[in-house]
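Undergrad: Respectively, the protein sequence lines represent chains A and B. Residues in the first sequence are numbered consecutively from 1, following my numbering. Residues in the second sequence are numbered consecutively from 1001, following my numbering. C-beta atoms are modelled at their ideal positions from N, C-alpha and C, and glycine is treated no differently. Since the model is a prediction, treat every value here as computed from it, not as a measurement.
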Amino acid sequence: MSSNTIWVRRPTAPPAGDVSAPTFRLERPVAGLTIGLRTDRAWRSWQLISTIWDEYLRRDGAQTIAVETGAQIGQPASSDRKQINEFAGRVDAAIVGLGTCGSCTTFTIKDAVTVEEHEKPVVAVVCEEFTVHAHNVARHVGHSAMNVLVLPYPLEARPAEELQQIAREYYPKVLELLGVTA
Amino acid sequence: MTLASERVEVPADPRAQYELSFREQWGDGVPQLPATDDAIQALLDASPYPADHVVCVLPPRNGVATVELVAINAALAGVEPAAFGVVLAALEALSEPEWNAFGLTTTTSSVFPMLIVNGPCRDELGIDYRASCMGGAAGRGSMTIGRAVALCLRNIGGQRAGETTKSVFGQPARFGFCIGEWEERSPWPSLAQRRGFSADDDVVTVHGGKGTFPMADIHNDDPRDLLYLIAKSLAYPLANMFLGNVENGEVVVAFNPMWAERFGSAFPDVDDLAAYLRENAWQPIDLWPAANAKLLRERGRVDGHDRVHLVERPDQIVPIVCGGLGSLHAIGLPSFGESTMQSKPVVRRA
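Structure, rendered in structure tokens:
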């Protein structure tokens, strides 16, 4: 060490590894399957879009199960997470949203992880502004390969007709990410 | 003891270290002290834990906070060895699941850990609890402990504005927020005592606070009238507590010692005071436009008198005493909602 230099220690934690838990694909048509839709009671736009997707899935021959969450701590959160765990056990695949704020994106990914832990295909749905954050959270919880569908941002405050159009436009993409075949 | 962290050679010039903190993204925009082995070792010597002891795992990156890494960040912030235990206790507290660090470090909200210290260490460490305690008093303990916790979230947890944390505005407390309670001027047991600790314990309580919400009055001497107005002020219509689950979260309200004395004469039992605040912290449902009112009704938030209470229970309103003797003011520390405050004792090497 030169007299004009000193040694200091790096204050950062090592970066998370890039090893990811496996993801899953259906590799078959959706007819006859049970598809889960997880909504967050905070977002009206997502409730509309997921309702439309629910109709499309049933039109295409799937059964659907919906579950609504909205708590992050305490008894309501325990109840929500238990519900998600049961939901993950009952479905063949799931669509989990919506990540359109910081903490709701975090919990969208966490709930999608629960589905992947049941070795089921899952798509986490987030809005464009929160895409990087969603991938960060997924990576940091060891699920970096998780399927993430990115919707336009913002969704809130759009007229219903626009949300319906977005639901129509993105439905094939969510099926593609789940691995649905013709 | 051999330290495990990577060594970095830097010019001895403090300005070069300042530049390094920007280049490496180690910093908070303010100059840091060098984290030399001597400085780190002095902190480790004050801890009862070995350097490789894991204090917690910090989101959003799930960085593993060993005592050594925490000491490095504390050294950057200028934490005295005697104060290192407060930093460790604060990190232990905020990593409790019910504090919801994963949610709070990634949210669009401004929320950040606000540290409230009780016990004999307040004076010894320079933790501010008198005039300008929430900014400006410049006590060494308050400024360095709060900053060290913030640096740990940044450097170990990986919290980065706009990237891993989506906080739209942030808040000044994101540089670090650490106050004491003026226990000697409080008519009630201290916050730590109310949470099960003794008056001799040094305790840090971490609150997920959205900011500092100021209130003032010069026109009314009646304690009940004043508390009524404080309750109404805390129940502002766009508070987070009206967005989510009413049973989660706490609102901290800091009374100056002069007002606390007045309130204590009307409510010798702090639980009665909290109950009075809870009882009056509501707004009429008609205050909200139809879209908001519809959701509040759907979520069962409207009582039989068409009132929407801020919180479900009295214990969700948490009075503390601090600040100067100039009276006239109170400060609310509004809640994120989905976070429950946590307390941990400060543990030092025997």
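With DSSP as the reference, please indicate the residues paired to methionine 1215/B in a beta bridge.
TA: Looking at the DSSP assignment, methionine 1215/B forms a beta bridge with Ala1330/B.
Undergrad: Is there a Cβ of chain A sitting closer than 7 Å to that of asparagine 1155/B, yes or no?
TA: So yes, asparagine 1155/B belongs to the interface.
Undergrad: Taking Cβ-Cβ distances shorter than 9 Å, what residues in chain B pair up with glycine 97/A?
TA: Those within 9 Å of glycine 97/A in chain B number zero; the least Cβ separation is about 16 Å.
Undergrad: Glutamate 1092/B lies in the alpha helix (DSSP H); which residues open and close that run?
TA: Its alpha helix (DSSP H) spans residues 1084 to 1094.
Undergrad: Report the start-end ranges of each beta strand (DSSP E) in the region 49 to 89 of chain A that is 3 residues or longer and not cut off at the edges.
TA: Fully enclosed beta strand (DSSP E) runs of 3 or longer: 63 to 69.
Undergrad: Mind listing which residues of the region 49 to 72 of chain A have their C-beta closer than 8 Å to chain B's C-betas, in chain order?
TA: So the close ones are Gly70, Ala71 and Gln72.
Undergrad: Mind checking if glycine 1144/B is an interface residue toward chain A, Cβ cutoff 7 Å exclusive?
TA: Position check: residue 1144/B holds threonine in this sequence, whereas glycine was assumed. It does not: the Cβ of threonine 1144/B has no partner Cβ on chain A nearer than 7 Å.
Undergrad: When you compare the region 1066 to 1082 of chain B with the region 1110 to 1117 of chain B, are there three or more beta-carbon pairs, one atom per stretch, that lie closer than 8 Å?
TA: In short, these stretches do not touch, since the Cβ pair count stays below three.
Undergrad: Rounded to whole angstroms, how far is the Cβ of leucine 1325/B from the Cβ of proline 1257/B, which I believe are closer than 8 Å?
TA: Rounded, the Cβ-Cβ distance is 6 Å, consistent with contact.
Undergrad: From which residue to which residue does the alpha helix (DSSP H) around threonine 34/A run?
TA: Here threonine 34/A belongs to no alpha helix (DSSP H); instead the beta strand (DSSP E) covers 34 to 40.
Undergrad: Please determine, among Gly1196/B, His1207/B and Arg1130/B, the residue with the shortest C-alpha to C-alpha distance to glutamate 1184/B.
TA: Of the candidates Gly1196/B, His1207/B and Arg1130/B, the one whose C-alpha sits nearest the C-alpha of glutamate 1184/B is Arg1130/B.
Undergrad: Are the region 131 to 142 of chain A and the region 158 to 167 of chain A touching, with three or more C-beta to C-beta distances below 8 Å?
TA: As far as the Cβ criterion goes, the region 131 to 142 of chain A does not touch the region 158 to 167 of chain A, which means the pair count is below three.
Undergrad: Indicate whether at least one CB of chain A lies closer than 7 Å to the CB of arginine 1195/B.
TA: False, the Cβ-Cβ gap to chain A never drops below 7 Å.
Undergrad: Got a sec, what are the start and stop residues for the beta strand (DSSP E) isoleucine 1285/B sits in?
TA: From DSSP, isoleucine 1285/B is part of no beta strand (DSSP E); its letter is neither H nor E.
Undergrad: Between the alpha carbons of proline 1314/B and glutamate 1247/B, how many angstroms are there, rounded?
TA: For proline 1314/B and glutamate 1247/B, the distance between alpha carbons rounds to 11 Å.
Undergrad: Taking Cβ-Cβ distances shorter than 8 Å, what residues in chain A pair up with proline 1034/B?
TA: By Cβ distance, chain A contributes Ile6 and Val8.
Undergrad: Are the Cβ atoms of isoleucine 1230/B and alanine 1150/B separated by less than 7 Å?
TA: No, these two residues do not count as a Cβ contact at 7 Å.
Undergrad: Could you say which of Pro1059/B, Gly1337/B, Val1055/B and Thr1165/B lies nearest to valine 1070/B if we only look at CA atoms?
TA: The shortest C-alpha separation from valine 1070/B is found at Val1055/B.
Undergrad: Pull up the CB-CB distance for valine 1346/B and valine 1086/B, whole angstroms please, since I reckon it's below 8 Å.
TA: Confirmed, about 5 Å.
Undergrad: Let me confirm a value: glutamate 1092/B is counted as buried when at least 16 other C-beta atoms fall within 10 Å, else exposed. Which label applies?
TA: Buried is the call here.
Undergrad: Using 8 Å as the cut-off, can you tell me whether the region 1139 to 1157 of chain B makes contact with the region 1119 to 1126 of chain B, which would need three or more C-beta pairs spanning the two stretches below that distance?
TA: Taking 8 Å as the limit for Cβ pairs, the verdict is that the region 1119 to 1126 of chain B does touch the region 1139 to 1157 of chain B.
Undergrad: Quick one: residues in its chain with C-beta nearer than 6 Å to the C-beta of valine 1057/B, no 5 flanking neighbours on either side, listed in chain order?
TA: These residues qualify, in order along the chain: Val1064.
Undergrad: Report the residue from Arg1299/B, Ser1186/B and Arg1061/B whose alpha carbon sits nearest the alpha carbon of proline 15/A.
TA: Residue Arg1061/B is the option with its Cα nearest to proline 15/A.
Undergrad: Could you tell me if proline 1319/B is buried or exposed, where buried requires 16 or more neighbouring beta carbons within 10 angstroms of its beta carbon?
TA: Flag for proline 1319/B reads buried.
Undergrad: Using three-state DSSP, classify tryptophan 1099/B as helix, strand or coil.
TA: Tryptophan 1099/B: helix per DSSP, three-state reduction.
Undergrad: Would you decide whether histidine 1219/B is buried or exposed? Buried here means 16 or more other CB atoms lie within 10 Å of its CB.
TA: Classification for histidine 1219/B: exposed.
Undergrad: Would you check if the region 69 to 83 of chain A and the region 147 to 156 of chain A touch, i.e. whether three or more CB-CB distances between them fall below 8 Å?
TA: Verdict: no, contact absent.
Undergrad: Pick from Thr100/A, Trp53/A and Val67/A: whose alpha carbon is nearest that of glutamate 169/A?
TA: Nearest option by C-alpha distance: Trp53/A.
Undergrad: Please report the residue range of the beta strand (DSSP E) in which valine 126/A lies.
TA: Note, valine 126/A: beta strand (DSSP E), 122 to 127.
Undergrad: Which residue wins for smallest C-alpha separation from aspartate 1225/B, given the options Phe1263/B, Trp1188/B and Val1253/B?
TA: Residue Phe1263/B is the option with its Cα nearest to aspartate 1225/B.
Undergrad: Please classify glutamine 1025/B as buried or exposed, where buried requires at least 16 other C-beta atoms within 10 Å of its C-beta.
TA: Exposed: under 16 other Cβ atoms inside 10 Å.
Undergrad: Which residue comes first and which comes last in the alpha helix (DSSP H) that contains tryptophan 1259/B?
TA: Tryptophan 1259/B -> alpha helix (DSSP H) spans 1257 to 1266.
Undergrad: Would you identify the three-state DSSP class for phenylalanine 1242/B, choosing helix, strand or coil?
TA: Three-state result, phenylalanine 1242/B: helix.
Undergrad: Work out the CA separation of leucine 175/A and isoleucine 35/A for me, nearest whole Å.
TA: So the two alpha carbons sit approximately 11 Å from each other.
Undergrad: So, do the region 1158 to 1172 of chain B and the region 1300 to 1308 of chain B have three or more beta carbon pairs nearer to each other than 8 Å?
TA: Contact between the region 1158 to 1172 of chain B and the region 1300 to 1308 of chain B is absent, because fewer than three Cβ pairs lie under 8 Å.
Undergrad: What separation, rounded to the nearest whole angstrom, lies between the Cα atoms of alanine 1137/B and alanine 124/A?
TA: So the alpha carbons of these two residues sit roughly 46 Å apart.
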